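*Asks:*
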Amino acid sequence: MPELPEVETTVRGLKSLIGSTIISIKIHTPKLRFIIPKNIISIKSNLKIIEIKRRSKYILIILSNKQCILIHLGMSGRLRLFNKKKFQKEKHDHLILSTNKEHLMVFNDPRRFGFVDFDLYKNIIQKRYILNLGIEALDLSLTGKLLFKKINKKIVPIKQILLDQRIISGIGNIYASEILFNAKISPLERGMDLKLDHCKTLVCSIRNILTKAINSGGSSLKDYVSVDGTLGNFQKKFKVYGKDKSTINGKKIKKILQYGRSTYFCPDIQIKFKKRY
DNA sequence: AGGTCTGTTACTGA
DNA sequence: ATCAGTAACAGACC
């Protein structure tokens, strides 16, 4: 269930790999969403991992010769660290990276919507999937004013705008519902109908929800776990997502479909602007 | 058996 | 050219 907070939690958990030297990379499933570049297995054994960082929902592992392993977790991908002696390969373990220390890093992804890329760092950041990304959701230069400028001509609903990685990157379907509830803005509101003040509120809610989710270790729906296998907690703090059978202060939560994705919201709290006065 | 699910993008048509 | 909307990818789960 990897959106920005889960990817950030994963990246933080991988920090213990920094400084290690790669010994081998084994590919068990060559074709994920895309085919894993074959030359990844030719990584020289004297290469060190010097930095691990996140861009939107992408994980970048930077090596001492300026090459970079990029991993996207897709819908169901997970990165786990194991002690070499205790590791036993499981179903859907597609790529295993072994270091000179006791660690193994394992990429597991049942649905195979994730992918792995490998190239010089300067080439990776020129790939279209990176270049097309909009401003980071937690970038401090994302202000209400900037958001307003980006969306005030858009006819699509604000829920859809939050999911559009070209406008803001990092938010996924679950946090979009939670953010809009926090901002008391209806997911059905068109981008062009949000005033500057709404955009300011929305930016606050984006920061608020994503930051709290990161501090809770992300959310564990179904099977998301951090690199050491522990569960995130933030799903316990969901106000609307997956709660269409319950109420908030006696007000019903509704589940609707928008562009084929489920949206959860409370129509009595997230009232459409035209109906307010 | 059939519907649903966290993400992304190629494609279509306006 | 830009914008909006749909289909497709694969497996697990209910």
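Take 60 as the starting number for the first sequence in this note's numbering and just add one per residue.
For every residue, glycine included, the Cβ atom is placed at its ideal position computed from N, Cα and C.
Quantities reported herein were computed from a predicted structural model and do not represent experimental measurements.
1. In this structure, how does DSSP classify T289 when only helix, strand and coil are distinguished?
2. In terms of DSSP beta bridges, what is M164 paired with?
3. Using 8 Å as the threshold, is the C-beta distance between I111 and I100 below it?
4. Using DSSP with H/G/I as helix, E/B as strand and the rest coil, what is T88?
5. Which whole-angstrom value is the C-beta distance of I238 and I268, which I expect to be below 8 Å?
6. Do the CB positions of M251 and I194 come within less than 8 Å of each other?
7. Counting pairs of Cβ atoms below 8 Å between the segment 254-266 and the segment 308-323, do you hit three or more?
8. Quick one: what does DSSP say D252 is sitting in, helix, strand or coil?
9. Quick test of your reading: N98 and F177, contact by CB under 8 Å. State the CB separation rounded to the nearest angstrom.
10. Using alpha carbons as the reference points, say which of N124, V165 and Y323 lies closest to S245.
11. Tell me, please, which residues DSSP counts as bridged to I128.
12. Note the first and the last residue of the continuous alpha helix (DSSP H) segment covering S236.
13. Exposed or buried, I94, counting other C-beta atoms within 10 Å across all chains shown (16 or more means buried)?
14. Please determine, among Y117, M134 and G136, the residue with the shortest C-alpha to C-alpha distance to C127.
15. Any contact between the segment 178-188 and the segment 122-142? By contact I mean 3 or more CB pairs, one from each, below 8 Å.
16. So which of S305, V262 and R92 has the shortest CA-CA distance to K204?
17. Which one or two residues does DSSP pair with Q317 in a beta bridge?
18. How many whole angstroms separate the CB atoms of G301 and S275, which I take to be in contact at a CB cut-off of 8 Å?
19. Let me check understanding here. Comparing Cα to Cα, which of P216, I273 and R335 lies closest to P64?
20. What are the start and end residues of the beta strand (DSSP E) that includes K112?
21. For G136, does the count of other Cβ atoms within 10 angstroms reach 16, so buried, or fall short, so exposed?
22. Closest to R170 by C-alpha separation, out of M164, K160, K143 and H153, would be which residue?
23. Closest by CA to K331, which one among D303, I217 and T80?
24. Leaving out five residues before and five after H87 in sequence, what residues of the same chain have Cβ atoms less than 8 Å from its Cβ?
25. Taking the DSSP output, what are the residues bridged to P216?
26. I want to check one thing, is the minimum distance from the CB of Y234 to the heavy atoms of the ligand NAP below 7 Å?
27. Would you kindly work out how many angstroms separate the C-alpha atoms of S1 and I121, rounded to a whole number?
28. Who does E195 pair with in a DSSP beta bridge?
*Replies:* In this structure, then:
1. The residue you call residue 289 lines up with position 230 of the first sequence. The answer is coil: DSSP assigns T289 none of H, G, I, E or B.
2. Looking up residue 164 in the first sequence gives position 105. Looking at the DSSP assignment, M164 forms a beta bridge with L140 and L156.
3. Locating residue 111 in the first sequence gives position 52, counting from the first residue. Locating residue 100 in the first sequence gives position 41, counting from the first residue. No, these two residues do not count as a Cβ contact at 8 Å.
4. Here residue 88 is taken as the residue at index 29 of the first sequence, counted from 1. Three-state result, T88: coil.
5. Within the first sequence, residue 238 is the residue found at index 179, counting from 1. Within the first sequence, residue 268 is the residue found at index 209, counting from 1. Correct: roughly 5 Å between the Cβ atoms.
6. Taking the first sequence and counting its residues from 1, the one referred to as residue 251 is at position 192. Taking the first sequence and counting its residues from 1, the one referred to as residue 194 is at position 135. Contact flag unset, no.
7. no
8. Within the first sequence, numbered from 1, the residue matching residue 252 stands at position 193. Correct three-state label for D252: helix.
9. The sequence position of residue 98 within the first sequence is 39, counting from 1. The sequence position of residue 177 within the first sequence is 118, counting from 1. Yes, N98 and F177 are in contact; Cβ-Cβ is about 7 Å, under 8 Å.
10. By 1-based counting over the first sequence, the position of residue 245 is 186. When each option's Cα is compared against that of S245, the closest is Y323.
11. Counting from one through the first sequence, the residue named residue 128 turns up at place 69. Beta-bridge pairing by DSSP links I128 to I120 and F177.
12. For the purposes of this step, residue 236 is identified with residue 177 of the first sequence, where counting begins at 1. N232 to A242 is the span of the alpha helix (DSSP H), which, as asked, contains S236.
13. Residue 94 sits at position 35 when you count from the first residue of the first sequence. It is exposed - the Cβ of I94 has fewer than 16 other Cβ atoms within 10 Å.
14. Position 68 of the first sequence holds residue 127. Distance from the Cα of C127 is smallest, within the candidate group Y117, M134 and G136, for Y117.
15. yes
16. For the purposes of this step, residue 204 is identified with residue 145 of the first sequence, where counting begins at 1. The option with the nearest alpha carbon to K204 is V262.
17. The residue labelled residue 317 in the question sits at position 258 within the first sequence. Residue pairing by DSSP places Q317 opposite R320 in a beta bridge.
18. The count along the first sequence starts at 1 and reaches residue 301 at position 242. The count along the first sequence starts at 1 and reaches residue 275 at position 216. In fact, because the Cβ distance is near 16 Å, the residues do not count as touching under 8 Å.
19. Reading the first sequence from its first residue, position 5 is the one you call residue 64. Ranking P216, I273 and R335 by Cα distance to P64 puts I273 first.
20. By 1-based counting over the first sequence, the position of residue 112 is 53. From DSSP, the beta strand (DSSP E) with K112 extends over I108 to R114.
21. Translated into the one-based positions of the first sequence, residue 136 becomes position 77. The residue is buried, with at least 16 neighbouring Cβ atoms inside 10 Å.
22. For the purposes of this step, residue 170 is identified with residue 111 of the first sequence, where counting begins at 1. Looking at the Cα atoms, H153 is the closest of the given residues.
23. Taking the first residue of the first sequence as 1, we reach residue 331 at position 272. Comparing Cα positions, the closest option is I217.
24. If you number the first sequence from 1, residue 87 lands on position 28. Around H87: K148, D152, H153, L154 and I155.
25. Here residue 216 refers to the residue found at position 157 when the first sequence is read from its first residue. Paired residues: R249.
26. Among the components of this structure there are no ligands whatsoever, and the ligand NAP is therefore not found.
27. Because the chain is modelled from 60 through 336, residue 1 falls outside the range shown and cannot be assessed.
28. Start at 1 with the first residue of the first sequence, and residue 195 comes out as number 136. Its beta-bridge partners are S228.
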